[in-house]
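Numbering (the numbering used here), first residue to last: 61 to 525.
For reference, the structure is listed below as C-alpha cells.
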Amino acid sequence: TNLAEAMKVVRGSRYGTNLAEAVKEMPKLLQDLSSSFLLHARAILEPSGLGSIDGVPAVLAILVRLVEALDALIAPERDGAEAHGCMSNHSGASRGYGGEARPVYSDATVAALSMGIGQRGFLPRILECLAGGPVHVALLCRGSSYAPLALELAMHAALALRLAMAWCPMDGPQKTCEVLLASGGFDVVLDAASRFFQEVEAEDWCSPQAAMGLGTLALSLGTLRLGLRADRGVPRLLRAKQQPVARLAPLAAQVLERLARAPLERPEDGDQVTRTAEEDRLAAADAAAVAAVHLLSSAAELLPTTPVLGVEPGRVASLLKDVVGGRPLSPALAAAMRHLATPSSRRRGSSTSSGGSGGSGNGRSRVSVWFADSSSMFERQLRRALASADVAQDCVQAALLAMNRGVGLDSGAQLGCFGGTSSTVVDLVERNREQAMRVATLYAHIEAFAVAVHGASAGAELVQG
Numbered sequence: 061t062n063l064a065e066a067m068k069v070v071r072g073s074r075y076g077t078n079l080a081e082a083v084k085e086m087p088k089l090l091q092d093l094s095s096s097f098l099l100h101a102r103a104i105l106e107p108s109g110l111g112s113i114d115g116v117p118a119v120l121a122i123l124v125r126l127v128e129a130l131d132a133l134i135a136p137e138r139d140g141a142e143a144h145g146c147m148s149n150h151s152g153a154s155r156g157y158g159g160e161a162r163p164v165y166s167d168a169t170v171a172a173l174s175m176g177i178g179q180r181g182f183l184p185r186i187l188e189c190l191a192g193g194p195v196h197v198a199l200l201c202r203g204s205s206y207a208p209l210a211l212e213l214a215m216h217a218a219l220a221l222r223l224a225m226a227w228c229p230m231d232g233p234q235k236t237c238e239v240l241l242a243s244g245g246f247d248v249v250l251d252a253a254s255r256f257f258q259e260v261e262a263e264d265w266c267s268p269q270a271a272m273g274l275g276t277l278a279l280s281l282g283t284l285r286l287g288l289r290a291d292r293g294v295p296r297l298l299r300a301k302q303q304p305v306a307r308l309a310p311l312a313a314q315v316l317e318r319l320a321r322a323p324l325e326r327p328e329d330g331d332q333v334t335r336t337a338e339e340d341r342l343a344a345a346d347a348a349a350v351a352a353v354h355l356l357s358s359a360a361e362l363l364p365t366t367p368v369l370g371v372e373p374g375r376v377a378s379l380l381k382d383v384v385g386g387r388p389l390s391p392a393l394a395a396a397m398r399h400l401a402t403p404s405s406r407r408r409g410s411s412t413s414s415g416g417s418g419g420s421g422n423g424r425s426r427v428s429v430w431f432a433d434s435s436s437m438f439e440r441q442l443r444r445a446l447a448s449a450d451v452a453q454d455c456v457q458a459a460l461l462a463m464n465r466g467v468g469l470d471s472g473a474q475l476g477c478f479g480g481t482s483s484t485v486v487d488l489v490e491r492n493r494e495q496a497m498r499v500a501t502l503y504a505h506i507e508a509f510a511v512a513v514h515g516a517s518a519g520a521e522l523v524q525g
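What follows is the structure in C-alpha cells.
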C-alpha cells in the first residue's frame, strides 16, 4: 500500500480537491488498506520481525491511514442530549468533523466497507489489537520495549472500531453493530474496556500514558453503547449466560468513581509542552466521563430495574456530583447528564430505544418490567437521588466556571483548520458567535436536566439563583 497515495485520496475526498479521482480510488484504497493491515497484523503473531515504513511499524502506519479513510467516509453522531444515530454527511462537514467524502457512498465504496467489517475484513483483526487481544498480547510478549507500540496500536484500533460503529446504512448492508454482536465482538470490546480501565487505574495519573488510556477507554465505552442499538443482536445478548449487559452499568460507575477522585485541575503555569499534555489529559477525562454516562443511560433502558442494573441510584448521583463539582462543565457532559435524567419515554432519537428501526427497542426494554415494582425502577430512583443531592446547582456552578475559564466553549480550534488563529474581524465575529452558541447550548442542557429532576419550575429557579 502506498501510504502517500492513500493520504492524497483521503484528502481529495475530504476537502473536494481532485474529487472525481478520489471517489473513484476510495473503494480500492479501502480494500488495499484492509488487506495490508491484515497481513502485517497477522505477522505479529508469528516469530518473524515487524515490518516498518519510514521507521514506523508498518501495522501502525497502515492502521492510521485506515482510520483517516473511515473518518472521511463515516459521519459522526451529533452532540446532544440523546445518543443519536447516524447523520447525513452534511452535518459538521464544513468544520472537518468527519464524513466529508462526496458522495458519501458509491456502490463500490459500500461493497468495500461491507467487506471490511466482514469476517475476512479489517474488523476482526482490529478486535485482536485491543487490550487482551492476541495481537496486543503478542506484542507485550516480545518485551517491555514493545509496550508503547501495543498501547498506541490499541488506541488506534479502538478509534477505527468506534468510527466503523457509526456506519449504519438505512438499507442493504448489515450495520457494523449487528456484525459486532453476531460475531461475539461485543464481549471482546467489553473485556478490552475493562482492561483499559485497569491500566488507567494502575498508571501515574500525570503520565502521558494516562491520557492515551483514558481516550482509548472513552472510545471503547462509546463502541459498547452503539452496539446496543443492534435489533437482532441485543435480545440474544440479554439472554447470554455471561450476561455482558449486566456488566455495563457497574463498569460505567467505576469509571465515574475514578474520575471523581482524579486530580483534574487546569494548569496555570509550566511550559507549553506541560500545559498541552495536561489539556490533553483533561479532554480525555471529559470524553471518558461523557461515554460512561451515555453507556449508563443505554444500560438502564435495557435493564430498567435497580437490582438487575447492578448500581444504586444514590451512588450514581453522588458520583455525578463529585465529577461535576469544582470543575468546568463541558457541553458534552451536560448533554450526557441531560440524557440520563430524561425519562426514557420522552427521549427522542435514542439509539437504544429506537434501535434504528422504528422503535422496536421500546418493546425490548419493557419486557422485563411488566411485573416489576414501580418503586424499583432505576430512572425514577435516580431522579429522586439527583434532586436530593441538588446536582443541578452543581452543574450551574460548573458552567459558570467553564465560562470564566473558557473551557470547552472556545471555537478557536475549529477555526484553526481554516487558516489558524483569528486574524480578521470576520474571524473574530465568527468565533464570538460560535462561543455564544456553545454557552447557550450548555445552559439549555443544564435547564433541561434541572426540569427533568426538579420539575417544570426548575428552569426559572436556576436563573433566579
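Glycine included, every Cβ here is placed at the ideal spot set by N, Cα and C.
Note that the coordinates shown come from a computational prediction; the quantities given were computed from them, not determined experimentally.
Pull up the DSSP beta-bridge partners for residue i, would you.
| i | result |
| --- | --- |
| Pro117 | Ser112 |
| Met437 | Thr365 |
Can you tell me whether DSSP reads residue i as helix, strand or coil?
| i | result |
| --- | --- |
| Ile506 | helix |
| Ser428 | Any answer about Ser428 is weak, because its pLDDT of 42 lies below 50 and its placement is not dependable; what the coordinates show is given next. Residue state, collapsed to three classes: helix. |
| Gly287 | helix |
| Asp264 | coil |
| Ala459 | helix |
| Gly236 | First, the residue type needs correcting, since residue 236 is Thr and not Gly in the sequence shown. DSSP places Thr236 in helix when its eight states are reduced to three. |
| Pro304 | coil |
| Arg398 | helix |
| Gly293 | coil |
| Gly193 | coil |
| Ala64 | helix |
| Ser405 | helix |
| Gln179 | coil |
| Thr501 | helix |
| Ser378 | helix |
| Arg387 | coil |
| Ala322 | coil |
| Asp340 | helix |
| Ser254 | helix |
| His150 | Residue placement at His150 is poorly supported in this model, since its pLDDT is 34, which falls under 50; the coordinates still yield a value, given next. Reduced to three states, the DSSP call for His150 is coil. |
| Asp167 | helix |
| Gly479 | Caution is warranted here: a pLDDT of 38 is assigned to Gly479, below 50, making its placement in the model unreliable, and no coordinate value can be reported. |
| Thr276 | helix |
| Val40 | Outside the modelled stretch of the chain, which goes from 61 to 525, sits residue 40, for which no answer is possible. |
| Val511 | helix |
| Val371 | coil |
| Asp131 | helix |
| Ser517 | coil |
| Asp487 | helix |
| Asp454 | helix |
| Ser243 | coil |
Classify residue i: buried if its beta carbon has 16 or more other beta carbons within 10 angstroms, exposed otherwise.
| i | result |
| --- | --- |
| Arg443 | buried |
| Arg299 | exposed |
| Glu106 | exposed |
| Cys266 | exposed |
| Ser112 | exposed |
| Ala459 | buried |
| Gly115 | exposed |
| Arg406 | exposed |
| Glu259 | buried |
| Ser448 | exposed |
| Thr334 | exposed |
| Ser73 | buried |
| Arg321 | exposed |
| Leu488 | exposed |
| Gly244 | exposed |
| Met590 | With the chain covering only 61 through 525, there is no way to say anything about residue 590. |
| Pro295 | exposed |
| Arg341 | buried |
| Ala500 | exposed |
| Val456 | buried |
So residue i and residue j are in contact, right, with Cβ under 8 Å, and what is the actual spacing, rounded?
| i | j | result |
| --- | --- | --- |
| Leu288 | Leu187 | So it is not a contact: roughly 17 Å between Cβ atoms. |
| Leu63 | Arg125 | 5 Å |
| Leu389 | Leu502 | 7 Å |
| His196 | Leu120 | In fact, because the Cβ distance is near 13 Å, the residues do not count as touching under 8 Å. |
| Leu400 | Ser357 | 5 Å |
| Ala394 | Phe509 | 7 Å |
| Thr366 | Pro373 | 6 Å |
| Thr236 | Ala253 | 17 Å between Cβ atoms; not a contact. |
| Ala351 | Gly282 | 5 Å |
| Leu379 | Met397 | With a Cβ gap of about 11 Å, Leu379 and Met397 do not count as contacting. |
Enumerated in chain order, which unbroken segments of the alpha helix (DSSP H) with a length of 4 residues or greater are wholly contained in the region 198–231? 207–225
Could you pull out every unbroken alpha helix (DSSP H) segment of at least 4 residues lying fully inside the region 75–106, listed in chain order? 79–104
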